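Participant: Sharing a structure below in structure tokens format, with a few things to ask.
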Amino acid sequence: MKKIISILARNRPGVLSHVAGLVTRRGYNVESIAAGPTENHAITRITLVVTGDAKVLEQVTKQFRKLVDIIKVDIVPHSLALTGELALVTVSAPPEKRSEILNLVGVLGVKIKNVGEDSLTLFISGSARSVDAAVKALYPFEIKSMARTGLVALPLEKGEEEED
Amino acid sequence: MKRSPSAAKPASPNAATLSGAEAIVRFLKDSGVDTLFGYPGGQVIPLYDALYDSGIKHILARHEQGAIHAADGYARTSGRTGVVIATSGPGATNLVTGLANAHMDSVPLVAITGQVPTTSIGSDSFQEADIYGISIPITKYNYLVKNPADLLDILAEAFYIASSGRPGPVLVDVPKDVQTAQIPYGPPAEVSIPSYNPSPQPHKEEVEALAAALSRSLRPIFYVGGGAVTTESAPEILRLAEESDVAVVSSLLAKGTFPDDHPLSLGLPGMHGAKYSNLAINESDLVVGLGVRFDDRVVGDVRRFAPLARVAHVDIDPAEIGKRLSVDIPVSGDLKLVLKLLLKLVKAKKRPAWRERVVKLKEEHPFVIPAAKGAIKPQAAIRAISEVANGEAVVVTDVGQHQMWAAQLIAAKKPRRFLSSGGLGTMGYGLPAAIGATLADPGVPVVLVSGDGGFQMNIQELATIRQYDLPVKIVISNNGCLGMVRQWQEFFFQKRYSQTIFPYNPNFAEIGQVYGIPSRRIADPGEVQAAVRALLETPGPGLLDVLVEPEENVLPMIPAGKGQTDFFEN
């Protein structure tokens, strides 16, 4: 079961170390972790995508809440969150393949970030699912390098904390 | 938090300007810290300079691990926050075991470490180690002070976090240039951390559910843990147990919270617990954990723990509830507050049948010390300590067989009178922890029970005992081997005693003498009682090296992961 955990934390040096360290230490599987500022400079939002059964998720949530710097922890159902992700993908684009790729670019609605001699770097944004789909569509072409930000999420209903 | 982290405190016109090091010492004094443990080194010279004529008593250990275990023993005995100082690099890394030990057992400690100057951090300088990063998983919280203006607020937070809620160790890493920077000294702002709530109010509905279950129960058991010591809940537990005939089992850390000699006391449960304790849990219809972790050494096979019982769990740390076994009645909150509410909600009710059953179980399954055949039985030496100390002494153990025998046989009557490394199981803990205990409450006798293995892990602290003339009474249960591991090898590894026998051991009585500690070795079972009495009744430190039966086993035993009544029959 894949879940989004959205954390608000005091913006202090080391807070990401504390969060990331806890995840590995307690043996949880993390698909992605993304951190950045919020509307309040003193508060950081950390979004994790984790997998595990309900019991594991309950433990991981409780362990996060225990950290001194953690203000709020939400397990956010996909339906109750705005989510988004960015990816930069460089694909091999020799002249004979280029038009095919450009065709796909139009269909997928992705942007071209850089045009190289034999490659194109594409900028993909959207929901995790649409980024997945775009990356998958690019598989038949040789993906030379890729960077993804990991999912960020904003719970829709503010202040609604799921009880555990 | 009310303060903004890096804003310099507005200095009042008459605020003294002190160096960071002087400010640390001044802060400690103003906070009522009168005893420190530590070991100097290059990056804490300014701090030690400030301590030089401060009037604070600093106990110079002979190894940083000794210093931190001593601070731990001091904290457990006194209930106050223990403070330890070490230098950067190896000094700091030598604290690691002590931090992990205190973290596992929720002991309030503040460790102040020196660090290379902020300008050198990250360059692999001489004696540089990232103790901030290293200590993240083994502290409740930790700090690297980068800005001198933050120092005092960080210290205030550190002491607050260490001692509040579920206590634990906090490390403050102070670079040398922060120690030498000039800062205005003023009383630190009131600590307020919005993300941290150390004293959660219990939910009334949860306590009511527990009260209802307790009222309905026919065979209730309290399973008491270290949280009862921290919150000083012994009186409430005693009252509730007596009013309602609740049997009480105690974890290693809670030993003494409920008097061992009480008719309703069932002592230590679990792997090496009393048979009657495990049998009672097996028959119980309601097990109520009170500030306890449901540790694997107690629970064993989760599916077979308390099979007839509903399980309730009261804990200040919600992450403990449901961590190991699923709980029917969760109650999160401060134990003392929960117990006070419970006392109001639960109507006193006698349960004569259950009380009789408890007494009968104890009669049917007593601890029997086998008769000596030549060599002294280690259990006999430990029982002699219990008889002479009569519940008045602080008994400190190391880790291993003697620790389990002490848990079984020492009759503790008060909290904070039995110190043992419970969660981490740290060999080498005992000797320095006993040093700390003598400083916490100088009027109370302190007896250390150690094995010959653990004793040698911090044997250098004998010098500390001599230097400060600390009245630690040392009893070494000397079987010439690593008894607990040897026992497992005997039971489960066909007696292949791989690296658990010491073909050479020094004569510990002679070692004690060299350190200036009156010491004696005994080997005759007839000498035990008188020798233990003489040791405890002679003022000052003393050492008794007791040569015991090497192949004695700790029984009963439930092998790891087995069910509650799977007693190992040898």
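Chains as they are written, first to last, in the working numbering: chain A, 697 to 860; chain B, 707 to 1276. All C-beta atoms, glycine included, are put in the ideal place defined by N, C-alpha and C. No experiment lies behind these values; they were computed from the predicted model shown.
(1) If we call anything under 8 Å between Cβ atoms a contact, is ILE729 (chain A) one with ARG706 (chain A)?
(2) Are TYR745 (chain B) and LEU1145 (chain B) close, meaning C-beta to C-beta below 8 Å?
(3) Under the DSSP definition of a beta bridge, which residues are partnered with SER1225 (chain B)?
(4) In its own chain, which residues sit with a C-beta less than 8 Å from the C-beta of LEU661 (chain B), not counting the 5 before and 5 after it?
(5) Just to confirm my understanding: we take THR741 (chain B), look at its own chain, exclude 5 residues before and 5 after, and list those with CB closer than 6 Å. What are they?
(6) Taking the beta carbon of PRO790 (chain A) as the centre, do at least 16 other beta carbons fall within 10 Å, making it buried, or is it exposed?
(7) Curious, which full-length beta strand (DSSP E) runs of at least 3 residues does the segment 747–802 of chain A contain?
(8) Assign ILE1082 (chain B) to one of two classes, buried (16 or more other C-beta atoms within 10 Å of its C-beta) or exposed (fewer than that).
(9) Closer than 9 Å, Cβ to Cβ, to anything on chain A: give me those residues from the segment 832–861 of chain B, in chain order.
(10) Along chain B, which residues have their Cβ under 9 Å away from the Cβ of GLY710 (chain A)?
(11) Pull out every residue of the segment 893–921 of chain B whose Cβ sits closer than 7 Å to any Cβ of chain A, in chain order.
(12) What residues from chain B crowd round GLU754 (chain A), counting only those whose CB sits closer than 8 Å?
(13) Where do the N-terminal and C-terminal ends of the beta strand (DSSP E) with GLU727 (chain A) fall, by residue?
(14) My guess is that GLY726 (chain B) and THR886 (chain B) are in contact by the Cβ rule of under 8 Å, so how many angstroms apart are they, rounded?
(15) So, is the C-beta of ASP1147 (chain B) closer than 8 Å to a C-beta in chain A?
(16) Does the distance from the CB of GLU834 (chain B) to the CB of GLY797 (chain B) come in under 8 Å?
(17) For LEU1043 (chain B), I'd like the list of residues in its chain whose CB is within less than 6 Å of its CB, leaving aside the five on either flank, ordered along the chain.
(18) Would you list, in chain order, the members of the segment 799–825 of chain A that have their beta-carbon closer than 7 Å to a beta-carbon of chain B?
(19) Could you check how far apart the C-beta atoms of PRO890 (chain B) and THR723 (chain B) are, in whole angstroms? I think they sit under 8 Å.
(20) Which runs of the beta strand (DSSP E) at least 3 residues long sit entirely within the segment 774–828 of chain B? Give them in chain order.
(21) Interface residues of chain A around ASP1023 (chain B) at Cβ under 9 Å?
(22) If you draw a straight line from the alpha carbon of ALA721 (chain B) to that of THR819 (chain B), how long is it in whole angstroms?
(23) Span of the beta strand (DSSP E) holding ASP1021 (chain B)?
(24) Would SER713 (chain A) count as contacting chain B if we go by Cβ distances under 8 Å?
(25) Cβ of VAL1252 (chain B) within 8 Å of Cβ of ILE1228 (chain B)?
(26) For GLU942 (chain B), count neighbouring Cβ atoms within 10 angstroms of its own Cβ and tell me buried if that reaches 16, exposed if not.
(27) Tell me the rounded alpha-carbon separation between ASP991 (chain B) and ALA919 (chain B).
(28) How would you list, in chain order, the residues of chain B whose beta-carbon sits under 7 Å from the beta-carbon of ARG706 (chain A)?
(29) By Cβ distance, which residues of its chain are closer than 7 Å to ILE797 (chain A), with the 5 residues on each side in sequence left out?
(30) If you follow the beta strand (DSSP E) that ILE1108 (chain B) is part of, which residue opens it and which one closes it?
Facilitator: Reading off the structure:
(1) Not a contact, by the Cβ cut-off of 8 Å.
(2) no
(3) B:LEU1249
(4) This structure leaves residue 661 (chain B) out entirely; chain B is present only between 707 and 1276.
(5) Leaving aside the five residues that flank THR741 (chain B) on each side, the residues in its chain whose CB is nearer than 6 Å to its CB run, in chain order, LYS763 and LEU1145.
(6) exposed
(7) 766–772 and 777–788
(8) Buried.
(9) Answer in chain order: TYR838, GLY839, ILE842, PRO843, LYS846, TYR847, ASN848, TYR849, LEU850 and LYS852.
(10) Listed by position along chain B, the residues whose Cβ is nearer than 9 Å to that of GLY710 (chain A) are TYR838, GLY839, ILE842, ASN848, TYR849 and LEU850.
(11) ILE899, PRO900, SER901 and TYR902
(12) Correct list: GLY1028.
(13) 725–733
(14) With a beta-carbon spacing of about 6 Å, GLY726 (chain B) and THR886 (chain B) fall inside the 8 Å limit used to define contacts.
(15) no
(16) Cβ distance not < 8 Å, so GLU834 (chain B) and GLY797 (chain B) don't count as in contact.
(17) Cβ within range, chain order: PRO908.
(18) So nothing in the stretch comes that close.
(19) With 8 Å as the limit, PRO890 (chain B) and THR723 (chain B) qualify as a contact, their Cβ atoms being about 6 Å apart.
(20) 788–792 and 815–821
(21) LYS758 and LYS762
(22) 26 Å
(23) Run containing ASP1021 (chain B): 1016–1021, per the beta strand (DSSP E) assignment.
(24) yes
(25) yes
(26) Its Cβ being crowded by 16 or more others within 10 Å, GLU942 (chain B) is buried.
(27) 10 Å
(28) Correct list: SER901.
(29) VAL787, ALA789, LEU816 and PHE837
(30) For the record, residue 1108 (chain B) in the displayed sequence is His; it is not Ile. Run containing HIS1108 (chain B): none in the beta strand (DSSP E); it sits in the alpha helix (DSSP H), 1107–1115.
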